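Report on one structure; see the data block that follows.
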């Protein structure tokens with residue numbers, strides 16, 4: 088049976104002029120026997136699909152037709168089911184086979200006969216390694232991550248997410264950190280080198296962060312939970328990307344991956360809210376829902392969080408059912424308030440409200456004042472609100488009335504968010 092199918096660019100040869108890359112389709116399979124709880128055999132199939140070449144179907148005719156063909160390049164037997172395949176650095180791929188994580192590389196002979204081989208020693212330390220993801224497909228094939236390390240994350244059936252690093256010098260895969268919560272992963276995605284998104288079987292989403300610069304070893308080997316959210320549907324796939332084509336036209340929205348390049352102060356000049364968006368991830372659920380998760384800059388997160396709280400306070404929910412309580416993270420008897428997430432569907436409901444209700448929401452936001460706070464999703468607990476406010480000298484001469492939001496300011500920002508997915 089087929090467990091995973093991935094399109095990758097593999098390095099076929101290296102010479103003085105550089106590495107040669109070709110696109111392939113890799114298929115992870117497993118042999119399913121009725122007397123086995125877990126598959127003991129599987130294969131990785133390497134298939135090449137040509138891009139389409141013109142060929143004459145008839146010698147006496149000028150008509151040409153584009154033909155496509157699929158060629159089986161090679162296969163590699165494995166001692167278990169190949170649950171996941173992901174592109175990795177240097178034209179290699181990372182695969183998970185039962186509880187093991189391996190690195191593979193393709194080599195082609197003169198006659199185009201290929202051979203897929205395991206590289207170095209794999210990593211053993213999971214129950215069942217269902218998923219693996221890296222950022223190699225989003226970056227240069229050789230450059231590694233922004234820190235120079237070749238990183239990937241592995242999602243386990245029971246042991247949540249762990250961060251692994253491949254060391255080319257020693258040809259080994261080592262575990263750097265892991266999440267010690269017992270999350271039954273259903274899908275994972277690597278947003279940045281140190282931010283990871285996951286979903287689990289209780290229909291929740293969670294976000295982890297690796298603090299590589301922590302002073303203690305105990306903190307460096309632990310992935311900290313910085314976001315929790317109850318989606319209400321079980322997610323079974325995630326993929327970096329967007330349903331909206333990026334636009335180079337002018338506008339106030341920003342979709343750069345490094346949102347810190349823009350100062351928080353510039354996001355509120357003249358009360359024109361600038362929507363700063365980082366990573367964009369698509370997800371699919373078992374119920375057939377397709378959704379989008381967008382990373383937000385600190386000021387944008389604070390503004391949308393204030394909109395969300397204002398809607399909670401002003402708009403009466405149907406049946407007096409608490410929407411905020413519905414989004415609480417709940418798993419195995421653990422119930423915690425949602426944090427690190429903004430409910431985009433709820434925020435966009437602002438566009439459907441009547442004008443008087445909009446004015447009441449904006450008035451609540453101005454009275455609250457926390458839309459000006461630089462918030463990274465962890466809230467303002469333990470910190471002085473004054474330290475998080477925009478307190479530049481240029482703003483000291485402005486009157487409170489000039490700093491207040493208007494309905495048009497909020498409408499413009501929410502409309503920009505709605506056009507990003």
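Residue numbers (the working numbering): 88 to 508.
Beta carbons are placed, not taken as given, at the ideal position from N, Cα and C, and that holds for glycine.
All values derive from a computational prediction rather than experimental measurement.
Proximal residues to residue i (C-beta, below 6 Å), its chain only, five neighbours per side dropped
{"i": "residue 514", "result": "This structure gives no information on residue 514, because the portion of the chain shown stretches from 88 to 508."}
{"i": "residue 135", "result": "111, 158 and 160"}
{"i": "residue 294", "result": "284, 313, 314 and 427"}
{"i": "residue 370", "result": "322, 325 and 378"}
{"i": "residue 308", "result": "264"}
{"i": "residue 440", "result": "none"}
As assigned by DSSP and simplified to three states, the class of residue i
{"i": "residue 391", "result": "helix"}
{"i": "residue 172", "result": "strand"}
{"i": "residue 98", "result": "strand"}
{"i": "residue 245", "result": "coil"}
{"i": "residue 126", "result": "coil"}
{"i": "residue 299", "result": "coil"}
{"i": "residue 236", "result": "coil"}
{"i": "residue 71", "result": "It is not possible to answer for residue 71, since the shown part of the chain is limited to 88 through 508."}
{"i": "residue 494", "result": "helix"}
{"i": "residue 433", "result": "helix"}
{"i": "residue 504", "result": "helix"}
{"i": "residue 403", "result": "coil"}
{"i": "residue 223", "result": "helix"}
{"i": "residue 90", "result": "strand"}
{"i": "residue 438", "result": "helix"}
{"i": "residue 319", "result": "coil"}
{"i": "residue 178", "result": "helix"}
{"i": "residue 512", "result": "The chain is shown from 88 up to 508; residue 512 falls before or after that span and cannot be answered."}
{"i": "residue 194", "result": "strand"}
{"i": "residue 499", "result": "helix"}
Residues near residue i in its chain [Cβ-Cβ closer than 8 Å; skip 5 each side]
{"i": "residue 116", "result": "88, 89, 90, 129, 130, 131, 132, 168 and 169"}
{"i": "residue 222", "result": "232, 238, 277, 279 and 280"}
{"i": "residue 217", "result": "170, 171, 183, 242, 243, 244 and 272"}
{"i": "residue 120", "result": "126 and 127"}
{"i": "residue 445", "result": "437, 494, 497 and 498"}
Contacts around residue i, its chain only, beta-carbon distance under 7 Å, and the 5 residues preceding and following it disregarded
{"i": "residue 302", "result": "none"}
{"i": "residue 306", "result": "298"}
{"i": "residue 203", "result": "131, 133, 161, 163, 191 and 193"}
{"i": "residue 214", "result": "186, 243, 244, 245 and 246"}
{"i": "residue 95", "result": "111, 113, 174 and 180"}
{"i": "residue 376", "result": "320"}
Limits of the unbroken alpha helix (DSSP H) element including residue i
{"i": "residue 306", "result": "304-307"}
{"i": "residue 448", "result": "442-455"}
{"i": "residue 412", "result": "410-413"}
Supposed contact pair residue j and residue i - C-beta distance, whole angstroms, cut 8 Å
{"i": "residue 452", "j": "residue 394", "result": "7 Å"}
{"i": "residue 427", "j": "residue 314", "result": "3 Å"}
{"i": "residue 448", "j": "residue 397", "result": "4 Å"}
{"i": "residue 330", "j": "residue 379", "result": "7 Å"}
{"i": "residue 188", "j": "residue 251", "result": "6 Å"}
{"i": "residue 194", "j": "residue 183", "result": "Not quite, the Cβ-Cβ distance comes to about 22 Å (not below 8 Å), so this is no contact."}
{"i": "residue 458", "j": "residue 399", "result": "About 14 Å; that fails the 8 Å criterion."}
{"i": "residue 438", "j": "residue 364", "result": "Between residue 364 and residue 438 the Cβ distance is about 18 Å, and since that is not below 8 Å, they are no contact."}
{"i": "residue 381", "j": "residue 498", "result": "About 19 Å separates the two Cβ atoms, so there is no contact after all."}
{"i": "residue 220", "j": "residue 179", "result": "At roughly 15 Å, the Cβ-Cβ gap does not stay under 8 Å, so residue 220 and residue 179 are not in contact."}
{"i": "residue 368", "j": "residue 325", "result": "6 Å"}
{"i": "residue 310", "j": "residue 264", "result": "5 Å"}
{"i": "residue 212", "j": "residue 262", "result": "6 Å"}
{"i": "residue 137", "j": "residue 155", "result": "6 Å"}
{"i": "residue 505", "j": "residue 435", "result": "5 Å"}
{"i": "residue 425", "j": "residue 317", "result": "7 Å"}
Enclosing beta strand (DSSP E) for residue i [first to last residue]
{"i": "residue 323", "result": "322-327"}
{"i": "residue 201", "result": "201-205"}
{"i": "residue 220", "result": "216-220"}
{"i": "residue 159", "result": "157-165"}
{"i": "residue 271", "result": "Looking at the DSSP string, residue 271 is not in any beta strand (DSSP E), and its letter there is neither H nor E."}
{"i": "residue 422", "result": "421-423"}
{"i": "residue 418", "result": "416-418"}
{"i": "residue 284", "result": "282-287"}
{"i": "residue 378", "result": "377-383"}
{"i": "residue 370", "result": "364-372"}
{"i": "residue 259", "result": "259-265"}
Whether or not the stretch 406-425 and the stretch 357-372 are in contact is what I'm after, with contact meaning three or more pairs of Cβ atoms, one per stretch, closer than 8 Å; do they touch? The stretch 357-372 makes no contact with the stretch 406-425: fewer than 3 CB pairs, one atom from each, lie closer than 8 Å.
Taking 8 Å as the threshold, find out whether the stretch 286-304 comes into contact with the stretch 319-326 through three or more Cβ pairs. yes
Check whether the stretch 249-265 and the stretch 207-222 are in contact - that is, three or more C-beta pairs closer than 8 Å. yes
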